[in-house]
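In order, the protein sequences belong to chains E and R.
Under the working numbering, the first residue of the first sequence carries the number 54, and numbering increases by one thereafter.
Under the working numbering, the first residue of the second sequence carries the number 805, and numbering increases by one thereafter.
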Amino acid sequence: MAGATVFPMTRNDNNPGGGRNAVTVRGLVKHYGETKALDGVDLDVREGTVMGVLGPNGAGKTTLVRILSTLLAPDSGHATVAGYDVVRQPRQLRRVIGLTGQYASVDEKLPGWENLYMIGRLLDLSRKDARARADELLERFSLTDAARRPASTYSGGMRRRLDLAASMIGRPTVLFLDEPTTGLDPRTRNEVWDEVQAMVGDGVTVLLTTQYMEEAEQLASELTVVDRGKVIAGGGIEELKAKVGGRTLRVRPADPRELSPLAGMLDELGITGLASTTVDAETGSLLVPILSDEQLTAVVGAVTARGITIASITTELPSLDEVFLSLTGHRASAPQDTRPAESREEVAV
Amino acid sequence: MSAVTATAPTADVKGDARIPLRGHLRHTGALIRRNLLWIRQDPESMFDALLMPVVFTLLFVYVFGGSIGLALGGGQDRYVQYVIPGMIAMMSMTLSQGVGTGFSQDFNSGVMDRFRSLPIGRGSVLFAKIAVELARMLFATAVLMVVAVLVGFHITHWGGLLATVALSAAFASSIMWVFLTLGVVLKNAQSVQAMGFLVLFPLQFGSSIFAPTKSMPGWLQSFTDYNPLSTLADSARGLMVGGPVAHDLWVTLAWSAGITAVMAPVAIHKFRTKS
């Protein structure tokens, strides 16, 4: 990874509160023919935390989740979930995990209630308990009204909620969510986020994969950034945000001539920790990287104090692309030509 | 590896990996319920089991019945007695195919990932499919018997009918392992169906199901004589209408046991290791 900014995953740094690992991954490798979906992945997820695995399509996120949930055998390396080895103790492991895949893993021909009842029975609940648990979870995920309708008639968000409910039946200690909101509209996505946060409140350890920085920021306390089967960065969310510049404040003065003086003023002001501002001439706005609410307040205060008319002011989270750009020096989706040919291939996952 | 040893104690507490027989039955039961609910949700999926015995019986009896009956030294009545037991053999094979296409569809939806991430025996998913398909077959046989009586079939041994049903179920379940394997290995339901027909047609028509094999050329006869569908059809004739049974019965049972012994482990293994 020449040119890549990698901050090493020293476990002591990332483990300030101590705590046991719910997931431990060491040197995990998985090939699909010539392509390496996972190329030596290390990962630690402490109990009761939410680990976000951030990466573009084909980074190996789904492969990682499939190995950790025993759907796929690794080529080398090893991994434990809740203390169980993914290869040697798959049955014990399956008892303590929940999985919500990228595509709804419920039986669409079955009504919601029947889906949950069936999974309860497959998890060795008695008929009575399976019935009660199905009712309880439908209630919790606001699906009671749709309980008797086939899941195929559900909206995307309802299906995803049913999927989450199905993952919760066995009261898992570790929950794997593979891109839980991909393909959902913003409102539904917020619903799913709320549900995931509620689960975390119950003390479940969550490993979540996502393509969106925003989602990772909403849900995860720690983040692992993966690209082409390798971990390229990891650490606390704040730590990473500092690395990639956190939010960006976009200020557009009504008069474009004010742009340069405004930029000069802000740079001179030297608000603590503030990186240099840039002028986006195309949109006639000023981009100010900010790390904290205090900085945001200070910048807005300074701009207002100058007494210029502002046409718009917005804050933006870095996109996955920007995160990748600042972490690795290359864009997430377009492989660089300087890389050797074999690693340039797209990894289909 | 301090992290691993730190969490290891939990492994000892919940460490039971084996699934007891009652667990297997419970899991298979839950999955049978699922497959039965499919039928309730989509009653059209029973059309093949309902129509196949009706259409094929009428077709064969009224189109070929007269001429083949003549060759048998009788007429259409004679052919009815000949072909109805054969139909049971034919249906055991044709309906078995559905188990493969259904299984393939399961694989292309996310629900199979769910099953495979649950602590259940891999066999349960397959056993449930077979159980439901056998129930469909039983239904189709009941329909066939109604049509059979309407076209003039008369059973001389009612106990033989039960024995025939049991025998064809044994044979069908062995064939289902083959189709389940195809369902796991092949990419989609269409390929399973196409491959299924390639297996089905030569076996069904190169047998004694529809016509006696005496007039077939010698090379073909040596195939039809060992074709399990011939022995199944001939056993059914012996059991329901009368005639020698023992030899065909044993050959059919041997085929069923042999196919199951080879294909069941293959199907379960392929299912377990599919990624």
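Just so you know, even glycine gets a beta-carbon here, dropped at the ideal spot from N, CA and C.
Legend entry - For residue 1002 (chain R), the first and last residue of its enclosing alpha helix (DSSP H): 993-1009
Inset, instruction - Using the Cα positions of residue 344 (chain E) and residue 930 (chain R), report the straight-line distance between them to the nearest angstrom. - result: Straight-line Cα distance between these residues: approximately 55 Å.
Legend entry - Three-state class that DSSP yields for residue 164 (chain E) in the structure shown: strand
Inset, instruction - Taking the CB atoms as reference points, tell me whether residue 904 (chain R) and residue 1000 (chain R) lie closer together than 8 Å. - result: yes
Legend entry - 8 Å contact criterion, which residue 114 (chain E) and residue 262 (chain E) should meet: CB distance rounded: 4 Å
Legend entry - Assigned secondary structure, residue 1028 (chain R) (DSSP; H/G/I helix, E/B strand, else coil): helix
Inset, instruction - Within the same chain, show all residues whose beta-carbon is closer than 8 Å to that of residue 969 (chain R), passing over the 5 residues directly before and after it, in chain order. - result: 892, 942, 945
Legend entry - Positions along the stretch 925-959 of chain R whose CB lies within less than 7 Å of some CB in chain E: none
Legend entry - Whole-angstrom distance between residue 341 (chain E) and residue 347 (chain E), CA atom to CA atom: Taking the straight line joining both Cα atoms gives about 13 Å.
Legend entry - residue 1069 (chain R) versus residue 852 (chain R): straight-line alpha-carbon distance, rounded: 29 Å
Inset, instruction - To the nearest angstrom, report how far apart residue 965 (chain R) and residue 1040 (chain R) are at their CA atoms. - result: 8 Å
Inset, instruction - Give the C-beta separation of residue 924 (chain R) and residue 175 (chain E) to the nearest angstrom, bearing in mind that I take them to be a contact with Cβ-Cβ under 8 Å. - result: 5 Å
Legend entry - Within 8 Å, strictly: CB atoms of residue 303 (chain E) and residue 338 (chain E): yes
Legend entry - Contact under 8 Å by Cβ, residue 364 (chain E) with residue 318 (chain E): no
Inset, instruction - Give me the Cα-Cα distance between residue 217 (chain E) and residue 1025 (chain R), rounded to the nearest whole angstrom. - result: 59 Å
Legend entry - Coarse secondary structure for residue 344 (chain E), derived from DSSP in three states: coil
Legend entry - Reduced DSSP category for residue 933 (chain R) - H, G, I as helix; E, B as strand; rest coil: helix
Legend entry - 7 Å Cβ cut-off: residues of chain E touching residue 915 (chain R): By Cβ distance, chain E contributes 158, 159, 160.
Inset, instruction - Have a look at residue 316 (chain E) and residue 352 (chain E) and give me their C-alpha separation to the nearest angstrom. - result: 11 Å
Inset, instruction - Measure the CB-CB distance between residue 132 (chain E) and residue 82 (chain E) and report whether it falls below 8 Å. - result: Not a contact, by the Cβ cut-off of 8 Å.
Legend entry - 8 Å Cβ cutoff, residue 122 (chain E) in contact with chain R: yes
Legend entry - Inter-residue Cα distance where the pair is residue 887 (chain R) and residue 1014 (chain R): 6 Å
Legend entry - Span of the alpha helix (DSSP H), counted from its first residue to its last, around residue 839 (chain R): 825-845
Legend entry - Reference residue 906 (chain R), options R:843, R:962, R:1059, R:961, closest by Cα: R:843
Inset, instruction - Rounded to whole angstroms, what's the CA-CA distance from residue 184 (chain E) to residue 119 (chain E)? Just pull it up for me. - result: Using only the alpha carbons, I get a separation of about 29 Å.
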